[in-house]
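Numbering (this note's numbering), first residue to last: 4 to 228. Below: the structure, in structure tokens.
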């Protein structure tokens, strides 16, 4: 009798680690959208812990905005290492056009007058602010960015330094939900969210993991493998 040998198919796994940028400074309580505002990267301990959370030798990406690039640079200074880095505008925050620079109180007043107010986002996701883009448009370009990475990289770890809006879009994409479904999710500055795709099937490992709540950073990456 001939014994058949079982062929084992290697599964392709790609892991996305999303990091929201450092806290914005100098915006004086104004809505900034994709304005290139500054951020505070002085909390050295948080970046040390963040570098321990993130995988080593990953493919790194950021948006084109200074606050994500500065956040990545601060993490690199504390030990984050990567094999390749790209800037992708698909991962930038929503362009609010003429509304950028408005006080948040004025923005709320304006959206209510136009009947496009949204309780957990800057405005109705279907609405396009004057000279800007809708949140749904943001969602579509974020998904384009994700799919481009999956087509190019195939497997391994992907670290993306991005913004609250794109990370909410990535959550919706990962769980197969409509874009507006994840708008109520809160995304903190420097928080990490991870989504694993095994042959195209997503597993949500965690959302909004804050470095500061991790007290023992030694070998922390192994906890999330």
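Where a beta carbon is used, it is the ideal one built from N, C-alpha and C, also for glycine.
* Asked: Does the pairing of the stretch 46-63 with the stretch 132-148 give three or more beta-carbon distances under 8 Å?
  -> no
* What number of angstroms, rounded off, separates the C-alpha of residue 20 from the C-alpha of residue 177? -> The C-alpha of residue 20 lies about 12 Å from the C-alpha of residue 177.
* Asked: Helix, strand or coil: which one does DSSP assign to residue 97?
  -> coil
* Anticipated Cβ contact below 8 Å, residue 22 with residue 207, distance rounded -> Actually they do not touch by this definition, with Cβ atoms about 16 Å apart.
* To do: Taking 8 Å as the cut-off, decide whether the C-beta atoms of residue 82 and residue 54 are in contact.
  => yes
* Would you give the residue range spanned by the beta strand (DSSP E) that residue 211 belongs to? => It spans 204-212 - the beta strand (DSSP E) in which residue 211 sits, taken as one unbroken run.
* Helix, strand or coil for residue 157, going by three-state DSSP, please let me know. => coil
* Asked: Can you tell me the Cα-Cα spacing of residue 59 and residue 87, whole angstroms?
  -> 11 Å
* **Exposure of residue 107, with buried meaning 16 or more beta-carbon neighbours within 10 Å** => exposed
* **Close beta carbons around residue 11, own chain, < 6 Å, minus the five adjacent residues each side** => The predicted model places residue 11 with a pLDDT of 37, which falls under 50 and marks its position as unreliable, so this point remains unresolved.
* Cut-off 7 Å between Cβ atoms - residues of its own chain near residue 216, not counting five sequence neighbours on either side -> none
* Based on Cα-Cα distance, which residue from 197, 27, 123 and 32 lies nearest to residue 159? -> 197
* To do: Could you name the residues of the same chain whose beta carbon sits closer than 6 Å to that of residue 39, not counting the 5 residues immediately before and after it, in chain order?
  => 68 and 69
* 3 or more residues per run - each beta strand (DSSP E) lying fully within the stretch 109-181 -> Complete beta strand (DSSP E) runs here, min 3: 159-165.
* Would residue 181 pass as a contact of residue 173 if the rule is Cβ separation under 8 Å? -> no
* Note down the Cα distance separating residue 155 from residue 104, rounded to an integer number of angstroms. => Taking the straight line joining both Cα atoms gives about 37 Å.
* Given that a residue counts as buried once 16 or more other Cβ atoms are within 10 Å of its Cβ, and exposed if not, what is residue 110? -> buried
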